[in-house]
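*Asks:*
Protein chains: 2
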Amino acid sequence: MLTEERHQFIRDRLAAEGKVLAGELASRFGVSEDTVRRDLRELAKAGQLRRVYGGAVASAPFAASTISQRGSHAVEEKMRLARAAVGVLAAGQTLFIDGGTTNEAIARAIPRDIELTVATNSLGVASALADLPLVELIMLGGRYIRDLGTCVGGDTLAAVAQLGADLFFLGSCGLDASRGVTAFDSAEAEVKRAMARNSAGIVIAATNDKLATAAPYRVAAADAIRHLVVERTAPAAILADFERQGAEIHVA
Amino acid sequence: MLTEERHQFIRDRLAAEGKVLAGELASRFGVSEDTVRRDLRELAKAGQLRRVYGGAVASAPFAASTISQRGSHAVEEKMRLARAAVGVLAAGQTLFIDGGTTNEAIARAIPRDIELTVATNSLGVASALADLPLVELIMLGGRYIRDLGTCVGGDTLAAVAQLGADLFFLGSCGLDASRGVTAFDSAEAEVKRAMARNSAGIVIAATNDKLATAAPYRVAAADAIRHLVVERTAPAAILADFERQGAEIHVA
DNA sequence: TTTCTTTGTGCACATTCTTGCATGATATGC
DNA sequence: GCATATCATGCAAGAATGTGCACAAAGAAA
């Protein structure tokens, strides 16, 4: 990876999120934090960002507008969840990743230097993974549903049926200890079920607003969840319910 | 391989990807890295690129952001081609669109108010179409090839086989009146052939640098081209050859 | 044809750039 | 104040680069 590319990525990220973290960039790029710090130093010298402890933020003129516009609380929280979620990955694994903004954040958080095989029906996830050199990306085709950002339908199901994965990153709509994982859409639920069936373990990263809610279509039982990634502020009682059913809880 | 050919390839690659790697070019051209560096030095002196450690990137004014979006100075020309190309569309049609920066430009040029069904194996095209409300988008899944930006392989072929289209927007690598349409990659060519087989007509939008060139793998004969969209400056003699074989010429 | 010149190419060597690690300094959170 | 995380600096190894030189191919001149 060219130095210039890292700089460009940092500029883009700053424009989009308003800030970057040194450690996160390092794992994303697959270089040491020293190198990232050198990059940040250079960019700071060129006035393209302002260094802060732990990373950097967009330089003054842009800071106000960009951060307030895009760096909403939810984005922030999802990135934190994403960083914790990628912690369960091991090199060489095969993954299913379905749609949703949280899963897209996870895809963006996957470091550059880990070798994975990923099958996804989400355009957003695929785009995020498209330039990771060590990720073998399999696009699960089908009818694209605009509201979901994913492909569903018979073709998608057929493609999923041909694959097997170690982990399935399930973008849940509702998550309840008794009712399990649920989705709003029938076709969407069907694809998720197929992915769950063909995976050894399910990983769910859920913001607080998903906890203890349910949608019409059942995707999986609560005891099928192997890893549950939640915010620091998630209600302990709810987490205990999931833990009792075998989920490993990861606090972001 | 002529020096000038290498220079042209480097310019093209830079326009398409925004960067080139010295080592990669050397193995691609079958010459030593020294020679590539000499090429890069010359092009840099002519202001056509900016050298960086490890290769070169598109020169300053377009020091762009994401891989897919930018096409350097050729972007203007491609947009013009794209606007002309969408002129052949009629409401209600079904299309195949494969990969390439020109096809991505075409996808972005499709107006919001036209109803279409589009099947594509290109992530870039799919992303461009994802938010067009009247476009029914079918993603053709498969193994994603980073260099091409498209999905290829058996799954892709199977998905194509189930569909039929009115028009196929073929992203050509080489285009020659006698040798027909050709591609650089075997798997890529296979998918293109399948799409051509299942379409009533082929549409090609080609910048001048594609005309009268050929790549190893044959995709379709020249007389299979129904619409050929070219720049205003395209050599008339070449166009006449295609016209004789039944192509309708559209000048952007 | 032979010879000379020009051009393009590859190789060897010295130089420069980049990167990761070690060390000590500084900032942050409790 | 202390433990921890983050940072700057110096250094060494490896990668990329520039330069000089030799060699081969193509064309011009004899």
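Line by line, the protein sequences give chains A and B. First residue of the first sequence: -5, per the working numbering; consecutive thereafter. First residue of the second sequence: -5, per the working numbering; consecutive thereafter. Ideal Cβ placement from N, Cα and C applies to all residues, glycine included.
Classify serine 26/A as buried or exposed, calling it buried when 16 or more other Cβ atoms lie within 10 Å of its own Cβ.
*Replies:* Exposed is the call here.
*Asks:* Contact between the region 40 to 48 of chain B and the region 179 to 194 of chain B: three or more CB pairs below 8 angstroms?
*Replies:* Touching, no, given that fewer than three Cβ pairs across the two stretches are closer than 8 angstroms.
*Asks:* Does any C-beta atom of chain A lie closer than 9 angstroms to the C-beta of proline 55/B?
*Replies:* Per-residue confidence for proline 55/B stands at a pLDDT of 45, beneath the threshold of 50, marking its modelled position as unreliable; the derived number appears in the next sentence. No, because no Cβ of chain A sits closer than 9 angstroms to the Cβ of proline 55/B.
*Asks:* With H, G and I counted as helix, E and B as strand and the rest as coil, what does DSSP make of glycine 17/A?
*Replies:* helix
*Asks:* By DSSP's criteria, alanine 50/B is part of a beta bridge. Which residues make up the other side?
*Replies:* Val14/B and Arg45/B
*Asks:* Between arginine 106/A and chain B, is any beta-carbon pair separated by less than 9 angstroms?
*Replies:* no
*Asks:* Quick check: the region 212 to 219 of chain B against the region 165 to 175 of chain B, are there 3 or more CB pairs under 8 angstroms?
*Replies:* Segments in contact, yes.
*Asks:* Comparing C-alpha positions only, which one of Arg226/A, Phe236/A and Leu126/A sits nearest to isoleucine 196/A?
*Replies:* Phe236/A
*Asks:* Once you ignore the five residues that flank asparagine 97/B on each side, which residues in its own chain have a CB closer than 7 angstroms to its CB?
*Replies:* Ile91, Ser116, Val119, Phe163 and Gly165
*Asks:* What distance in whole Å lies between the Cβ atoms of alanine 101/A and alanine 84/A, which are believed to be in contact at a cut-off of 8 angstroms?
*Replies:* Not a contact, Cβ separation roughly 17 angstroms.
*Asks:* In the DSSP assignment, find the unbroken alpha helix (DSSP H) run with glutamate 182/B in it and report its ends.
*Replies:* Per DSSP, glutamate 182/B belongs to the alpha helix (DSSP H) from 180 to 191.
*Asks:* Closest Cβ-Cβ distance between glutamate -1/A and chain B: below 9 angstroms?
*Replies:* yes
*Asks:* Taking all protein chains shown into account, do 16 or more other C-beta atoms lie within 10 angstroms of the C-beta of alanine 9/A, making it buried, or fewer, making it exposed?
*Replies:* exposed
*Asks:* Span of the alpha helix (DSSP H) holding glutamate 98/A?
*Replies:* 95 to 103
*Asks:* State the Cα-Cα distance for the pair alanine 200/A and valine 223/A, rounded to the nearest angstrom.
*Replies:* Looking at the backbone, the Cα of alanine 200/A and that of valine 223/A are separated by about 6 angstroms.
*Asks:* Alpha carbon to alpha carbon, what distance is there between aspartate 149/A and glycine 22/A?
*Replies:* Before going further, note that residue 22/A is arginine rather than glycine in the sequence given. Straight through space, the alpha carbons of aspartate 149/A and arginine 22/A are spaced by roughly 32 angstroms.
*Asks:* Could you have a look at arginine 238/B and say whether DSSP puts it in helix, strand or coil?
*Replies:* helix
*Asks:* Need the endpoints of the alpha helix (DSSP H) that leucine 34/A sits in, please.
*Replies:* 27 to 39
*Asks:* Let me check one thing: in DSSP terms, what residues is arginine 137/A bridge-paired to?
*Replies:* Per DSSP, Val146/A and Ile132/B.
*Asks:* So, for leucine 233/A: in the same chain, excluding its five sequence neighbours on each side, which residues have a beta-carbon less than 8 angstroms away from its beta-carbon?
*Replies:* Leu222, Val224 and Ile243
*Asks:* DSSP has aspartate 170/B in a bridge; who is on the other side?
*Replies:* Gly174/B
*Asks:* Is there a C-beta anywhere in chain B that falls below 9 angstroms from the one on tyrosine 138/A?
*Replies:* yes
*Asks:* In chain A, which residues lie with their C-beta within 7 angstroms of the C-beta of valine 46/B?
*Replies:* Leu(-4), Thr(-3) and Glu(-2)
*Asks:* Going along the chain, which residues of its own chain have a beta-carbon closer than 8 angstroms to the beta-carbon of alanine 206/B, five neighbours each way excluded?
*Replies:* By the criterion of a C-beta distance shorter than 8 angstroms, alanine 206/B is surrounded in its chain by Leu169, Asp170, Ala171, Pro229 and Ile232, once the five residues flanking it on both sides are discounted.
*Asks:* Could you check whether alanine 113/B and leucine 157/B sit closer than 9 angstroms to each other, using their CB atoms as the reference points?
*Replies:* yes
*Asks:* Assuming alanine 38/A and alanine 52/A form a contact by the criterion Cβ under 8 angstroms, report the distance between their Cβ atoms to the nearest whole angstrom.
*Replies:* Going by Cβ atoms, the distance from alanine 38/A to alanine 52/A rounds to 11 angstroms, so no, they are not a contact pair.
*Asks:* Taking Cβ positions only, does glutamine 156/A come closer than 9 angstroms to chain B?
*Replies:* Cβ-Cβ to chain B under 9 angstroms: yes for glutamine 156/A.
*Asks:* Compare the C-beta of arginine 64/A against all C-beta atoms of chain B and say whether one is closer than 9 angstroms.
*Replies:* Low per-residue confidence applies at arginine 64/A: pLDDT is 43, beneath 50, and the placement is therefore not dependable, though the value from the model is reported in the following sentence. Not one chain B Cβ lies under 9 angstroms of arginine 64/A.
*Asks:* Kindly indicate which residue of Ile139/B, Leu131/B and Gly135/B has the alpha-carbon position closest to the one of isoleucine 139/A.
*Replies:* Leu131/B
*Asks:* By a C-beta neighbour count over all protein chains shown, 10 Å radius and 16 as the cutoff for buried, is alanine 124/A buried or exposed?
*Replies:* buried
*Asks:* May I ask you to list, following chain order, the residues of the region 70 to 92 of chain B that have a beta carbon less than 9 angstroms from some beta carbon of chain A?
*Replies:* Those residues of the region 70 to 92 of chain B placed with their C-beta closer than 9 angstroms to a C-beta in chain A do not exist.
*Asks:* Taking glycine 94/B as the reference, which of Glu109/B, Lys72/B and Leu126/B has the closest Cα?
*Replies:* Lys72/B
*Asks:* When we look at the beta-carbon of glycine 329/A and count the other beta-carbons within 10 Å, is it buried (16 or more) or exposed?
*Replies:* Nothing in the structure corresponds to residue 329/A, since chain A is present only between -5 and 246.
*Asks:* Run through DSSP, which three-state label would arginine 77/A get?
*Replies:* helix
*Asks:* Kindly list, in the order they appear in chain B, the residues whose Cβ is closer than 9 angstroms to that of glycine 135/A.
*Replies:* Ala113, Asn115, Ile132, Met133, Leu134, Gly135, Gly136, Cys145, Asp149, Thr150 and Ala153
*Asks:* With the cut-off set at 9 angstroms, would you say valine 181/B and glycine 147/B are in Cβ contact?
*Replies:* Looking at the sequence itself, residue 181/B is alanine, so the reference to valine does not match. Yes.
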